[in-house]
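Read the structure below first, then the notes.
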Amino acid sequence: MQKKVRENLISFSFILPFFLFFAVFVLVPLGYVLYLSLHKGTLLNSRLVFSGLRNYLSVTESKDFRNSFLNSLIYILCIVPVGQVISLFFARLLRRKTRLNGVFETIYFLPMLVSMVAASVVIAYILSQKGPVNYLLQQVGLPAINWLGNEVTARISLMILEMWKGGSFFIFVYMAAIRALPEDCCEAARIDGANRWQEFFHVMLPMLHNTVVLSVIMSTIWQFQIFESVYMLTGGGPLKKTETVVYSIYQYSFQYSKIGMGSAASVMFLMMIALVSLLEMLMMREKKEGGIRA
Amino acid sequence: MKHGRLVPVIRVLCLTLLALTFLLPVWMMFVSAFRQTNRILSYPPVLWPSDGSLNNFRELFVMQDGAFFRWFLNSVLVCGGNTVLMLILSAMASYAFAKREFPGKKLLFPAIIGTQMIPQVATLIPLYLIVSRLGWNNTYAGLILPDIASAFGVFLMTQFMRDIPDSLLEAARIDGAGEYGIFARIVLPVVVPSLSLLAIFNFTQKWGALTWPLIVTSSVSMRTLPLGIACMKDLTSNVSGPIMAASLASFLPVLVAFLFARDQFMAGMMLGAVKG
């Protein structure tokens, strides 16, 4: 009996350092943000006044938050499908492990090493009034565009930055999945007379089901968290038209010091992410029961 | 099958086009880092800095009493400290989860893994308040410690440690090794390759991190490199020679490390795909 207690103590001593920091910086903040969302308060004044669900009401009625939730939705709806299709396409092109493909892989990997701050600086230059992109446009006889000047092109600029910086990640995810497929599955289809497209859509894609679900969900969650690129590239402008949910949360909490509303928005943001994750689990299981291997 | 010859050509063409799209901005960062601000902002853009000089770097290095070096050092300390502590905590906790039995294990493990989905940005406000309460605002502790308890680190290392055969640990026990000795001398050496991947993954992510340093620091001297660069933007304009030079200087160490250990970097950065 005494030995068992000793063994348990040893086990706990391995967990304790991790758990201490986990509790203080992960678990407590989770409960705390829920608590804060039900109170009115400021960053500097520690006195909180209970206000029920009023913060949630304020968030749903706030023009700023409505605007930023809408913008985030626009980013997700544009970046996720476009990014996934492009990634799948190029992953398919990189299927074979050749030396030339290795060179392409190295190049595609580079943007992932650049920090979002540096990437924003460079993309801001690339899209600047007299930058390379406008230069190219003028060379082919098109007018130069003030990219960050109006809401549509500013949003597009932001999406370009996000896709340039993070887009290649999914090329590698799909590439790994495609390379792991059994060689003979596609050969059989080829012998049966399927062309490249048929082979891809009818043989390869169904086998990649779980990878696709995982990537779509992961990308959705990432695009929902867009903040640094907005902070760096557009500052939310013009006229708040590129602001995202996290950007608004940051503004309300740390610039306007309305931590109640910031927390309420954070909780709503969290619940949406939980919902998307739940969706993932449902879709993954479905396929497993169907008996198709991932 | 008459298009049989054409397909490989189109394939390489597509791949090359995407490669240029990814390369051009990186290349322009190199070029612009050596050109004067007014040259960068005038037509036509050039692909080689034939009018270049090291002026941007000179300006960058003397700016705000050498703040740039301080930021660089801060980033090294913060990312390094964070990564080392994260690895130690993850490895220790994972050993208990993978190889030891204790009450509450079946409850605790899924609870920890379940928090992986939660993005840190969702709890920025309470995190800031807790760090303030601890008096860690604008300190290295405040920059480093809040995210050393990585659920992802535990998840990953537990997977790897489960693969260590029990017989190996049993043999050490029979030889009279203590539990901590087994962990340090047998388990750790076996998982060094996985730990180094996790280290690469964590370090590169932290090296570029802006959000948390932006919130927790208040003085110029405590800024990390990304935050320092972000604040340079406020002083001048969005695009300037010194900012380009600073961006390049922040990217170069990662690039050099990548070129030396390409495969480890690729494996390390792609750990994010396991995170799901």
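Sequence order for the protein chains is F and X. Numbering of the first sequence is given in this note's numbering, commencing with residue 1 and proceeding in unit increments. Numbering of the second sequence is given in this note's numbering, commencing with residue 1001 and proceeding in unit increments. Using N, Cα and C, we set each Cβ at its ideal position, and we do this for glycine too. Predicted model, so just to flag it, every value in this text is computed and none were measured.
In its own chain, which residues sit with a C-beta less than 7 Å from the C-beta of L1077(X), not counting the 5 before and 5 after it? As a first step, residue 1077(X) must be located in the second sequence, where it is residue number 77. Here the set comprises Y1140.
Should M204(F) be flagged as near chain X, meaning a C-beta pair shorter than 8 Å? Here the question's residue 204(F) lines up with position 204 in the first sequence. Not an interface residue.
For C1014(X), count neighbouring Cβ atoms within 10 angstroms of its own Cβ and tell me buried if that reaches 16, exposed if not. As a first step, residue 1014(X) must be located in the second sequence, where it is residue number 14. Answer is exposed; the Cβ neighbour count stays below 16.
Please list the partners that C1014(X) has in chain F, where partner means a Cβ-to-Cβ separation under 7 Å. Reading the second sequence from its first residue, position 14 is the one you call residue 1014(X). In chain order: L93.
Under a CB-based cut-off of 8 Å, is T242(F) close to chain X? What you label residue 242(F) is simply residue 242 of the first sequence in a count that begins at 1. Closer than 8 Å: no.
Since K165(F) sits in a beta bridge, which residues does DSSP pair it with? Taking the first sequence and counting its residues from 1, the one referred to as residue 165(F) is at position 165. In the DSSP output, where bridge partners are listed per residue, K165(F) has none listed.
Would you mind giving the Cβ-Cβ distance between V1216(X) and V1121(X), rounded to the nearest angstrom? I have them listed as a contact below 8 Å. Here residue 1216(X) corresponds to residue number 216 of the second sequence, with the count starting at 1. Here residue 1121(X) corresponds to residue number 121 of the second sequence, with the count starting at 1. Not confirmed; about 13 Å, so no contact.
Is K1277(X) helix, strand or coil when you go by DSSP? Any question about residue 1277(X) goes unanswered here, given that chain X covers just 1001 to 1276.
What number of angstroms, rounded off, separates the C-alpha of N1074(X) from the C-alpha of L1227(X)? As a first step, residue 1074(X) is located in the second sequence; it is residue number 74 there, counting from the start. As a first step, residue 1227(X) is located in the second sequence; it is residue number 227 there, counting from the start. Cα to Cα, N1074(X) sits roughly 11 Å from L1227(X).
Can we say the stretch 1107-1120 of chain X touches the stretch 1037-1047 of chain X, given the rule of at least three CB pairs closer than 8 Å? Touching, no, given that fewer than three Cβ pairs across the two stretches are closer than 8 Å.
Which listed residue (S1090(X), I1144(X), F1097(X), T1016(X)) has its alpha carbon closest to that of R1223(X): Looking up residue 1223(X) in the second sequence gives position 223. The residue among S1090(X), I1144(X), F1097(X), T1016(X) with its C-alpha nearest the C-alpha of R1223(X) is I1144(X).
Need the endpoints of the alpha helix (DSSP H) that W1027(X) sits in, please. The sequence position of residue 1027(X) within the second sequence is 27, counting from 1. That run of the alpha helix (DSSP H) goes 1006-1033.
Can you pull the chain X residues whose beta carbon is under 8 Å from the beta carbon of K130(F), in chain order? Position 130 of the first sequence, counted from the start, is the residue given in the question as residue 130(F). Correct list: L1041, S1042, Y1043, P1045.
Using a cut-off of 7 Å between C-beta atoms, extract the partners of I107(F) located in chain X. What you label residue 107(F) is simply residue 107 of the first sequence in a count that begins at 1. What I107(F) touches in chain X: A1019, F1022, L1023.
V122(F) at chain X interface by Cβ criterion, 8 Å: The residue given as residue 122(F) occupies position 122 in the first sequence. Interface residue, yes.
Given Y135(F), which residues of its chain have a CB within under 7 Å of its CB, disregarding the five upstream and five downstream residues? Within the first sequence, residue 135(F) is the residue found at index 135, counting from 1. Around Y135(F): no qualifying Cβ.
Decide if N1038(X) is buried, meaning its Cβ has at least 16 other Cβ atoms within 10 Å, or exposed. Indexing the second sequence from 1 puts residue 1038(X) at position 38. By the neighbour-count rule (16 or more Cβ atoms within 10 Å), N1038(X) is not buried but exposed.
Beta-carbon within less than 7 Å of M1086(X)'s beta-carbon, same chain only, minus the 5 sequence neighbours each way: which residues are those? For the purposes of this step, residue 1086(X) is identified with residue 86 of the second sequence, where counting begins at 1. Excluding sequence neighbours, M1086(X) sits near I1148, S1150, G1153, N1202.
Who pairs with H202(F) in a beta bridge, going by DSSP? Taking the first sequence and counting its residues from 1, the one referred to as residue 202(F) is at position 202. According to DSSP, H202(F) bridges with nothing at all.
Spell out whether any CB of chain X is found under 8 Å from the CB atom of Y125(F). To locate residue 125(F), count along the first sequence from 1; it is residue 125. Taking Cβ atoms only, chain X reaches closer than 8 Å to Y125(F), which makes this a yes.
Going along the chain, which residues of the stretch 1137-1149 of chain X sit with their C-beta nearer than 9 Å to a C-beta in chain F? L1145, P1146, D1147, I1148, A1149
Where the alpha helix (DSSP H) containing F18(F) begins and where it ends: Locating residue 18(F) in the first sequence gives position 18, where the first residue counts as 1. From DSSP, the alpha helix (DSSP H) with F18(F) extends over 2-22.
Answer yes or no: does any C-beta atom of chain X fall closer than 8 Å to that of M1(F)? For the purposes of this step, residue 1(F) is identified with residue 1 of the first sequence, where counting begins at 1. M1(F) does not count as touching chain X.
So the alpha helix (DSSP H) V1216(X) belongs to, where does it begin and stop? In the second sequence, counting from the first residue as 1, residue 1216(X) sits at position 216. From DSSP, the alpha helix (DSSP H) with V1216(X) extends over 1211-1216.
In chain order, which beta strand (DSSP E) runs of at least 3 residues are fully inside the stretch 1060-1125 of chain X? Runs of the beta strand (DSSP E) lying entirely within the stretch 1060-1125 of chain X, each at least 3 residues long, are absent.
Provide the residue(s) that pair with V49(F) in DSSP beta bridges, ordered along the chain. Taking the first residue of the first sequence as 1, we reach residue 49(F) at position 49. Note: V49(F) sits in a beta bridge opposite K40(F).
Under 8 Å between C-beta atoms, does W164(F) make it to chain X? As a first step, residue 164(F) is located in the first sequence; it is residue number 164 there, counting from the start. With 8 Å as the cut-off, W164(F) counts as an interface residue toward chain X.
Should F50(F) go down as buried or exposed, given a rule of 16 or more other Cβ atoms within 10 Å for buried? Counting from 1 along the first sequence, the entry for residue 50(F) is found at position 50. The residue is exposed, with fewer than 16 neighbouring Cβ atoms inside 10 Å.
Which of helix, strand or coil does DSSP assign to G290(F)? The sequence position of residue 290(F) within the first sequence is 290, counting from 1. Low confidence applies to G290(F): its pLDDT is 39, below 50, so where it sits in the model is not reliable enough to give any reading.
Under DSSP, the alpha helix (DSSP H) around A1151(X) begins and ends at which residues? On the second sequence, position 151 is the one that residue 1151(X) refers to. Looking at the DSSP string, the run of the alpha helix (DSSP H) that includes A1151(X) is 1151-1162.
For M204(F) and Q1159(X), the rounded distance between their alpha carbons: Here residue 1159(X) is taken as the residue at index 159 of the second sequence, counted from 1. Here residue 204(F) is taken as the residue at index 204 of the first sequence, counted from 1. Rounded to whole angstroms, Q1159(X) to M204(F) spans 29 Å at the Cα level.
Am I right that S1218(X) and Q1264(X) are in contact with their C-beta atoms under 8 Å? What's the rounded C-beta distance? Walking along the second sequence from the start, residue 1218(X) turns up at place 218. Walking along the second sequence from the start, residue 1264(X) turns up at place 264. Taking 8 Å as the upper bound for CB-CB distance, S1218(X) and Q1264(X) are not in contact here, some 37 Å apart.
By how many angstroms is the C-alpha of L16(F) removed from the C-alpha of A1093(X)? Working through the second sequence from its first residue, we reach residue 1093(X) at position 93. Working through the first sequence from its first residue, we reach residue 16(F) at position 16. C-alpha separation (whole angstroms): 8 Å.
Proximity winner among F201(F), I126(F), L57(F), Y174(F), relative to C186(F) (alpha-carbon distances): Translated into positions along the first sequence, residue 186(F) becomes position 186. It is F201(F).
What are the residues of the stretch 1119-1137 of chain X that lie near chain F, defined by any Cβ-Cβ distance shorter than 8 Å? P1119, V1121, A1122, T1123, L1124, I1125, P1126, L1127, Y1128, L1129, I1130
Pull up the CB-CB distance for I107(F) and A1019(X), whole angstroms please, since I reckon it's below 8 Å. Within the first sequence, numbered from 1, the residue matching residue 107(F) stands at position 107. Within the second sequence, numbered from 1, the residue matching residue 1019(X) stands at position 19. That belief holds up - the Cβ atoms of I107(F) and A1019(X) are roughly 5 Å apart, short of 8 Å.
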